[in-house]
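Here is the structure we will look at, set down as structure tokens.
Number of protein chains: 2
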Amino acid sequence: MTGWLSIAGLGPGAETLVTPEVSAALNEASDLVGYGPYLARIRGRSDQMVHASDNRQELERARHALKLAAEGRRVIVVSSGDPGVFAMAAAVFEVLDAGPADWRALDIRVLPGITAMLAAAARAGAPLGHDFCAINLSDNLKPWAVLERRLRLALQADFAIALYNPRSVARPDGFARALSVMRGACGHNRPIVFARAVSTPEESLSVVPLGEAVPAMADMRTLVILGSSRTRVIPRDAGAFVYTPRSADA
Amino acid sequence: MTGWLSIAGLGPGAETLVTPEVSAALNEASDLVGYGPYLARIRGRSDQMVHASDNRQELERARHALKLAAEGRRVIVVSSGDPGVFAMAAAVFEVLDAGPADWRALDIRVLPGITAMLAAAARAGAPLGHDFCAINLSDNLKPWAVLERRLRLALQADFAIALYNPRSVARPDGFARALSVMRGACGHNRPIVFARAVSTPEESLSVVPLGEAVPAMADMRTLVILGSSRTRVIPRDAGAFVYTPRSADA
Numbered sequence: 000m001t002g003w004l005s006i007a008g009l010g011p012g013a014e015t016l017v018t019p020e021v022s023a024a025l026n027e028a029s030d031l032v033g034y035g036p037y038l039a040r041i042r043g044r045s046d047q048m049v050h051a052s053d054n055r056q057e058l059e060r061a062r063h064a065l066k067l068a069a070e071g072r073r074v075i076v077v078s079s080g081d082p083g084v085f086a087m088a089a090a091v092f093e094v095l096d097a098g099p100a101d102w103r104a105l106d107i108r109v110l111p112g113i114t115a116m117l118a119a120a121a122r123a124g125a126p127l128g129h130d131f132c133a134i135n136l137s138d139n140l141k142p143w144a145v146l147e148r149r150l151r152l153a154l155q156a157d158f159a160i161a162l163y164n165p166r167s168v169a170r171p172d173g174f175a176r177a178l179s180v181m182r183g184a185c186g187h188n189r190p191i192v193f194a195r196a197v198s199t200p201e202e203s204l205s206v207v208p209l210g211e212a213v214p215a216m217a218d219m220r221t222l223v224i225l226g227s228s229r230t231r232v233i234p235r236d237a238g239a240f241v242y243t244p245r246s247a248d249a
Numbered sequence: 000m001t002g003w004l005s006i007a008g009l010g011p012g013a014e015t016l017v018t019p020e021v022s023a024a025l026n027e028a029s030d031l032v033g034y035g036p037y038l039a040r041i042r043g044r045s046d047q048m049v050h051a052s053d054n055r056q057e058l059e060r061a062r063h064a065l066k067l068a069a070e071g072r073r074v075i076v077v078s079s080g081d082p083g084v085f086a087m088a089a090a091v092f093e094v095l096d097a098g099p100a101d102w103r104a105l106d107i108r109v110l111p112g113i114t115a116m117l118a119a120a121a122r123a124g125a126p127l128g129h130d131f132c133a134i135n136l137s138d139n140l141k142p143w144a145v146l147e148r149r150l151r152l153a154l155q156a157d158f159a160i161a162l163y164n165p166r167s168v169a170r171p172d173g174f175a176r177a178l179s180v181m182r183g184a185c186g187h188n189r190p191i192v193f194a195r196a197v198s199t200p201e202e203s204l205s206v207v208p209l210g211e212a213v214p215a216m217a218d219m220r221t222l223v224i225l226g227s228s229r230t231r232v233i234p235r236d237a238g239a240f241v242y243t244p245r246s247a248d249a
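Below, the structure written as structure tokens:
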């Protein structure tokens, strides 16, 4: 039997947000590869090999998965959210690009998933209803100067801005600097959404004016969305909705 | 029985990309509201009311759906892709914002879906593996000057850029102008992906250098992704992969 490698997105947490395509692929796999807590979300069968690894070992994990597929195994690499957004798909292609030429003949597929930004936006209303961008605030992978320049240009372009990985114990300061850049560019009244662990039992959501946002509102399980200049808040007893109108003139 | 309104994303086309959450909601609805071709993707039950409308009637459709929910109906508004990305969710909140105060007490939910950009990226490899933005090229909703300025800033910020609704019969010229702006900013070698009708029987994918891109490669069913300065192509017999490395220094 010929091996294959699929890089699959498990969505933000709830099983009801895993696509049937991903569920079918998980069922057909011989080997499940991924970060431990993501693998824990899957009910594997007893005949499936589970290869759990730590966070930040993406390239090693990708190499292991490609080797298994080259040996004829049916391999799934799991990602939270969508595998193509700040997740495992790019790591697999980085390793493929640098790897042996015969790996390129492998059957490699990316199976999309609901990325955190879409799940968070859905809970908040429709903050991404007009043009938007997604920025990974993790500075493990890029210098702060690059990040700050990109953030400033995104603010000038008047995108709604989704911020992934805003803050961790290892990087407590980056998000505070980002908040300061954002306040400098768009004042204190712009709505900002903090959506944590959407679709899991730990879900929480808050919408505040940018002037009231503090770094402690975010951690690594939080997705932050800053509205554009046109984003509006609809107050409600059941929690405000936030949306960005479709039209630039609306 | 209390009414509700859910705005649901059907994903890019294939049934295997519809989330179980959306399938369950479709099953519980009394009324299905949407653009005719999207409703045609659903196998409704005989006891469900179907309210089909034409394209570009988003606000009227949203108003109709809110009225039905206020009358106690269980209403689904369907969108292709994700309802929060250039789709029906923002239209519903625009109408809610301007509508009667008692509509705000309605049970309104947005059910996320696989948006075209994620489906296209998955087929191409991982072009959105680093920071990216999404721009709706439809100038029905914004003047070209706003759009061009945003595109230029996005290019300066070195985002990978997903372009929705690149070209229609009614707007044949905007995409040609966008290609010209993009070539001016990043030359002729930058990879650009044309992904049409991904996950449907009409699916096609092509990856070319920007210098070889011509407007006729896109229509309203095409999602275009321009790589960032770091995006790479992995040539293969089975069709090239395109990916953007996770790291700014990789």
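From first to last, the protein sequence lines stand for chains A and B.
The numbers in numbering that gives the first Met the number 0 rise by one with no breaks, and the one at position 69 of the first sequence is 68.
The numbers in numbering that gives the first Met the number 0 rise by one with no breaks, and the one at position 77 of the second sequence is 76.
Built from N, CA and C at the ideal position, the CB exists for glycine as well.
Because the structure is a prediction, the values reported are computed rather than measured.
Residue i classed as buried or exposed, judged by whether at least 16 other C-beta atoms fall within 10 angstroms
i, result
"residue 116/A", "buried"
"residue 236/B", "exposed"
"residue 44/B", "exposed"
"residue 255/B", "Residue 255/B falls outside the range modelled here, since chain B spans only 0 to 249, and no answer is possible."
"residue 48/B", "exposed"
"residue 83/B", "buried"
"residue 206/B", "buried"
"residue 20/A", "buried"
"residue 114/B", "buried"
"residue 57/A", "buried"
"residue 130/B", "buried"
"residue 55/B", "exposed"
Minimum Cβ-Cβ distance from residue i to chain A less than 8 Å
i, result
"residue 156/B", "yes"
"residue 233/B", "yes"
"residue 9/B", "no"
"residue 96/B", "yes"
Chain-ordered neighbours of residue i on chain D, where CB pairs are closer than 7 Å
i, result
"residue 244/A", "In the structure shown, chain D does not exist; the protein chains are A and B."
Three-state class that DSSP yields for residue i in the structure shown
i, result
"residue 236/B", "coil"
"residue 48/A", "strand"
"residue 97/A", "helix"
"residue 226/A", "coil"
"residue 135/B", "strand"
"residue 9/A", "coil"
"residue 243/A", "coil"
"residue 221/A", "strand"
"residue 190/A", "strand"
"residue 22/B", "helix"
"residue 80/A", "strand"
"residue 33/A", "strand"
"residue 166/A", "coil"
"residue 263/A", "A question about residue 263/A goes unanswered here, because the residues of chain A that appear run from 0 up to 249."
"residue 111/B", "coil"
"residue 204/A", "strand"
Residue i to residue j span [Cα, whole Å]
i, j, result
"residue 200/A", "residue 243/B", "33 Å"
"residue 108/A", "residue 218/B", "25 Å"
"residue 92/A", "residue 234/B", "12 Å"
"residue 42/A", "residue 144/B", "52 Å"
"residue 163/A", "residue 220/A", "9 Å"
"residue 4/B", "residue 32/B", "10 Å"
"residue 105/A", "residue 30/A", "16 Å"
"residue 81/B", "residue 238/A", "22 Å"
"residue 214/B", "residue 86/A", "32 Å"
"residue 227/B", "residue 212/B", "16 Å"
"residue 121/A", "residue 101/A", "42 Å"
"residue 185/A", "residue 154/A", "8 Å"
"residue 202/A", "residue 118/A", "11 Å"
"residue 70/B", "residue 98/B", "15 Å"
"residue 249/B", "residue 73/B", "Caution applies to residue 249/B, whose pLDDT of 40 falls short of 50 and renders its modelled position unreliable; the value that the coordinates give is listed next. If you take the alpha carbons of residue 249/B and residue 73/B, they lie about 51 Å apart."
"residue 183/A", "residue 24/B", "43 Å"
"residue 178/B", "residue 53/B", "30 Å"
Any chain B beta carbon closer than 8 Å to residue i
i, result
"residue 66/A", "no"
"residue 20/A", "yes"
"residue 83/A", "yes"
"residue 182/A", "no"
"residue 249/A", "Bear in mind that a pLDDT of 40 at residue 249/A, under 50, signals an unreliable position, so the model cannot answer this."
"residue 132/A", "yes"
"residue 240/A", "yes"
"residue 230/A", "no"
"residue 222/A", "no"
"residue 135/A", "yes"
"residue 149/A", "yes"
"residue 152/A", "yes"
Could you run through the stretch 194-216 of chain A and flag, in chain order, every residue whose CB is less than 7 Å away from some CB of chain B?
Listed by position along the chain: nothing, the set is empty.
Mind listing which residues of the stretch 98-109 of chain B have their C-beta closer than 9 Å to chain A's C-betas, in chain order?
Among the residues of the stretch 98-109 of chain B, those with a Cβ less than 9 Å away from any Cβ of chain A are 103, 104, 106, 107, 108 and 109, in the order of the chain.
Taking Cβ-Cβ distances below 8 Å as the criterion, which residues of the stretch 109-129 of chain A are in contact with chain B?
Answer in chain order: 109, 110, 111, 112, 113, 114, 117, 118, 120, 121, 122, 124, 125, 126, 127, 128 and 129.
Chain-ordered residues of the stretch 20-39 of chain B with a beta carbon less than 8 Å from chain A:
For the stretch 20-39 of chain B, the beta-carbon criterion of a distance under 8 Å to any beta-carbon of chain A is satisfied by 20 and 23.
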